[in-house]
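Below: one structure, written as structure tokens.
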Amino acid sequence: MASPNRRRAREVALQALYLRDLNPEQEAELVARFLRGRLRAPGLVDFAQRLVDGVTARRDEIDRTLEAAAERWRVARMAATDRAILRIAVHEMLHSDIPGPVAVDEAIELARRYGSVDSPRFVAGVLGRVLADRSGAAAPA
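Sequence positions in the sequence shown follow my numbering and run -12 to 128.
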């Protein structure tokens, strides 16, 4: 399980990515100011900023990964909250030293807190397929 501080940083990164998803013209400095104001601790601000920057820079790649794993779902049709949660998790799985199962667990917790009643199951299913695709194993049923 991740530390409560990192979980909080993921929550704030989720909020920033949600805001940016709904307002694509949002300036990077406003997002950075939002992160600093919500987290204050420099290490957590840096962690959240790396998540936001990583998802933003690799969004096309992340979305292709999600579309391949989300059967019958286009990323554009996903709920904005679920989409942001999934993007953070895939970024962590593909481009960080966070173990895949930890990224999945953290995403499910975010989905429980910020998503709909169906979000945790949806997030778990999509990310389970991403994990399976990365390991070459069969996706969980």
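Virtual Cβ for every residue (Gly too), placed ideally from N, Cα, C.
Predicted model only: the values in this text are computed from it and were never measured.
Q) CA-CA distance, methionine 65 and isoleucine 85? A) As a first step, residue 65 is located in the sequence shown; it is residue number 78 there, counting from the start. As a first step, residue 85 is located in the sequence shown; it is residue number 98 there, counting from the start. Between methionine 65 and isoleucine 85, the C-alpha separation is close to 25 Å.
Q: Along the alpha helix (DSSP H) that carries proline 107, what are the first and last residues, could you check?
A: Counted from its first residue, the sequence shown places residue 107 at position 120. Residues 106 to 122.
Q | Given leucine 114 as reference, the closest of Arg70, Tyr101 and Arg100 once Cα atoms are compared | A | What you label residue 114 is simply residue 127 of the sequence shown in a count that begins at 1. Nearest option by C-alpha distance: Arg70.
Q. Closest to arginine 27 by CA distance: which of Ala90, Arg(-5), Arg116 and Leu118 is it?
A. Locating residue 27 in the sequence shown gives position 40, where the first residue counts as 1. With distances taken between Cα atoms, arginine 27 lies closest to Arg(-5).
Q: Please classify glutamine 13: does DSSP put it in a helix, a strand, or coil?
A: Here residue 13 corresponds to residue number 26 of the sequence shown, with the count starting at 1. Glutamine 13: coil per DSSP, three-state reduction.
Q: Could you say if the stretch 37 to 44 and the stretch -2 to 16 meet the contact criterion of at least three C-beta pairs nearer than 8 Å?
A: Per the Cβ contact rule, the stretch 37 to 44 is in contact with the stretch -2 to 16 (3 or more Cβ pairs under 8 Å).
Q: Report the residue from Ala44, Val77, Thr43 and Val42 whose alpha carbon sits nearest the alpha carbon of alanine 131.
A: Not covered by the structure: residue 131. The range shown for the chain is -12 to 128.
Q: Over the uninterrupted alpha helix (DSSP H) stretch that includes isoleucine 72, give me the two end residues.
A: Taking the first residue of the sequence shown as 1, we reach residue 72 at position 85. Run containing isoleucine 72: 67 to 82, per the alpha helix (DSSP H) assignment.
Q: Look at the alpha carbon of leucine 22 and the alpha carbon of isoleucine 95, and state the distance between them as a whole number of angstroms.
A: On the sequence shown, residue 22 is found 35 positions in, with the first residue counted as 1. On the sequence shown, residue 95 is found 108 positions in, with the first residue counted as 1. Approximately 22 Å, taken between the alpha carbons.
Q: Could you work out which residue in Asn(-8), Ile72 and Ala15 is closest to alanine 90 when comparing CA atoms only?
A: Position 103 of the sequence shown holds residue 90. Considering only alpha carbons, the answer is Ile72.
Q) With burial defined as no fewer than 16 other Cβ atoms inside 10 Å of the residue's Cβ, what is the status of leucine 118: buried or exposed? A) To locate residue 118, count along the sequence shown from 1; it is residue 131. Buried, by the Cβ-count rule.
Q: Determine the DSSP secondary structure at glycine 87, reduced to helix, strand or coil.
A: Mapped onto the sequence shown, residue 87 falls at position 100. If DSSP states are grouped into helix, strand and coil, glycine 87 belongs with the helices.
Q) Between arginine -3 and serine 122, what straight-line distance do the alpha-carbon atoms span, to the nearest angstrom? A) In the sequence shown, the residue the question calls residue -3 occupies position 10. In the sequence shown, the residue the question calls residue 122 occupies position 135. When rounded, the distance between both Cα atoms is 25 Å.
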